[in-house]
Structure formats: structure tokens, C-alpha cells
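Residue 618 in the working numbering sits at position 184 of the sequence shown; the count goes up by one each step and never skips.
All residues carry an ideal CB built from backbone N, CA and C; glycine is no exception.
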Amino acid sequence: MAPVTVITGGSRGIGAATARRLAHQGHDIAFCYRRDHHSARQVLADIHATGRRGIALAVDTTDPDQVTGLFDAAADLGDLTGLVNNAGVTSPIGPITDLRVDDLRTVVEVNLVGYVLCAQQAARRMNTGGAVVNVSSAAATLGGPGEYIHYAAVKAATDTLTIGLAKELAPRGIRVNAVAPGIIRTDIHAVSGMPDRPERAADRIPLGRAGDATEVAGAIAFLLGPDASYTTGAVLRVAGGL
Ligand code: NAP
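Following this line, the structure appears as C-alpha cells:
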């Protein structure tokens with residue numbers, strides 16, 4: 435039986451790279467996204483081109499009923515074996531004095547509530563063991579000063595969620611790990627008002643450049659796969675030395 439993996443936020447960026455990577459490695463994939471139907475169709479076509487099965491659904495991960503619908507759809511592919519909790523957002527970059535309450539709430543809802551809802555579904559449905567990878571951020575330990583302290587704090591919560599889930603689910607053969615990307619070239623920087631952030635930040639990254647989404651996807655694939663069979667509760671930094 436092929437592994438069956440749910441990926442949240444699979445239409446673009448790190449989630450899309452992960453969907454393509456895992457399909458190449460033989461996973462059947464159900465992924466969700468919010469509104470970018472065009473990109474989602476492209477990712478789905480790439481999954482099908484590998485010969486694997488794929489499902490793409492417009493599902494908001496902050497809505498418990500929609501999340502249940504995503505996992506119900508994934509069940510059509512077989513028993514769930516993997517979850518990549520990836521759908522995340524930032525808000526306009528700036529000091530905490532400028533932070534709007536609506537943006538704060540959205541960051542908490544998508545990056546924390548959404549992750550917990552999806553992890554809960556996975557925990558309920560992984561009856562024969564499995565693996566979860568939460569996409570955190572290097573910001574969790576750097577703090578995001580002057581940019582997005584609230585986002586960094588929520589990503590630190592992702593790391594704690596990873597540790598707690600790993601311990602709670604280990605007796606059932608479910609491993610839970612996180613990746614903590616640094617600055618990766620995706621659309622997320624345009625949404626936060628600084629599309630050229632990856633280029634601007636290159637000087638302060640020890641490896642001298644921003645990362646590519648495929649480089650994060652590789653780490654996610656490792657943590658999901660058999661080479662990580664004794665790895666749980668880990669946060670793997672993929673940040674070029676940041
Ligand atoms: P991205 O390119 O902006 O893509 C975000 C994806 O998440 C899209 O597929 C988007 O769907 C989806 N999404 C957003 N909110 C959603 C919701 N409420 N429900 C369902 N899907 C939703 O972002 P990315 O850079 O790949 O980031 C992916 C993850 O990596 C996030 O958790 C982010 O915090 C983390 N991360 C990114 C970086 C970086 O530098 N890029 C660094 C550290 C951590 P639509 O396209 O349909 O809206």
C-alpha cells in the first residue's frame with residue numbers, strides 16, 4: 435500500500451514543493467489550499483504525472499468542519515499515514531506598535547489553531563502508526579524583532595506542539611517532528627509587504643543566500659520517511675545557518 439499523506443497549503447511554496455517531492459517518492463496525496471485554484475490544479479497535475487493519486491480541496495484549515503472534510507476525502511485514498519502541517523500566513527512586516535489586532539488573530543488562527551485541528555484529525559485517524567511534520571520557522575528562536583514578533587511566538591508554539599504530540603502519540607507508533615525554515619523564496623514575503631526579502635536578507639545568512647522550497651521539502655520528506663524511524667520530537671532547522 436502506498437503511503438497516504440495530507441498536506442495543508444499545498445498549492446504554492448513549501449507545501450507545493452513537498453507535494454511534488456512526496457508524489458515522486460510514491461505517496462498518494464490529499465492537499466488543501468485556500469483560494470489559489472490555478473496553482474492547485476498545476477500541483478495536482480504534477481502529482482498525477484508521477485502516476486500517484488491526488489486530491490486537491492479548497493479548505494480553510496481554521497474551520498473544523500472543513501478540516502474534517504479534508505481528512506474524510508483523504509480516507510478515499512486509503513489509511514492515513516502522514517500529515518504535513520504547513521498552511522501558514524504572516525502579516526505586514528513591522529514593529530509590534532503597528533500590529534493590527536485582526537492580523538494578530540489571523541496569524542494565531544491559521545498557524546496554531548489550524549495546525550492543532552489537523553493534528554487532532556491525524557491522531558484520530560492514524561490507526562496503524564504514521565508521521566506528522568509541522569512546518570515551524572527559525573523565527574521561533576530568533577524572535578522576529580521589528581518584523582513579526584507575534585508570528586515568531588506562534589511558531590514557538592508549533593515547536594511545543596511538536597514535542598507534546600510526539601510524546602503523546604509515540605506509544606501508538608506515530609512520530610511527530612518539525613522543520614524550521616529560515617528565509618525561503620516563496621510568495622509569503624510579498625504577502626507580508628516585502629517581496630524581495632529573500633534577496634535583501636542574503637548578507638546576514640551564513641550560507642549567503644535564501645533557501646529554495648525544494649530544500650525544505652527534502653527535510654520534510656526525510657522526517658516523514660523510514661530513515662527517520664527513531665526520530666520524534668525533533669525540530670530540524672533548515673535555515674542556511676541562521
Ligand atoms: P506561501 O507560499 O504563502 O503558501 C502558503 C500556502 O498555504 C498556500 O498554498 C495557501 O493557499 C495556503 N494557506 C494559507 N492559509 C490557509 C488556510 N487558512 N487554509 C488552507 N490553506 C491556507 O507560504 P510558504 O512560504 O510556502 O509557507 C509555508 C509554511 O512555511 C508556513 O507555515 C510558513 O509560516 C512557513 N515558513 C515559511 C518561510 C519562508 O521564508 N517562506 C520561513 C519559515 C517558515 P492559497 O494559495 O490558496 O491561498
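Check: Ile622 C-beta below 7 angstroms from any heavy atom of the ligand NAP: yes
Under the three-state DSSP convention, the category Ala557 falls into: Judged by DSSP in its simplified three-state form, Ala557 adopts helix.
Any non-hydrogen atom of the ligand NAP within 7 angstroms of Asp494 CB: Yes, the beta carbon of Asp494 sits closer than 7 angstroms to at least one heavy atom of the ligand NAP.
Endpoints, the alpha helix (DSSP H) within which Thr439 is located: Run containing Thr439: none in the alpha helix (DSSP H); it sits in the beta strand (DSSP E), 438-442.
Same chain, Cβ closer than 8 angstroms to Ser525, five either side skipped, listed in chain order: Leu533, Arg534, Asp537, Leu538, Thr540, Val541, Tyr582, His584, Tyr585, Ser626
Gly580 classed as buried or exposed, judged by whether at least 16 other C-beta atoms fall within 10 angstroms: exposed
Start-to-end residues for the alpha helix (DSSP H) that takes in Leu599: 583-603
Cβ pair Gln500, Asp506 closer than 8 angstroms: no
Residues near Gly447 in its chain [Cβ-Cβ closer than 8 angstroms; skip 5 each side]: Ile618, Thr620, Asp621, Ile622, Ala647
Three CB pairs or more closer than 8 angstroms across the segment 656-665 and the segment 543-559: No: the two stretches stay apart, fewer than three of their Cβ pairs being nearer than 8 angstroms.
Beta carbon of Leu511 nearer than 8 angstroms to that of Val566: No, the pair does not count as a contact, with Cβ atoms beyond the cut-off.
Where Tyr549 falls: helix, strand or coil (DSSP): helix
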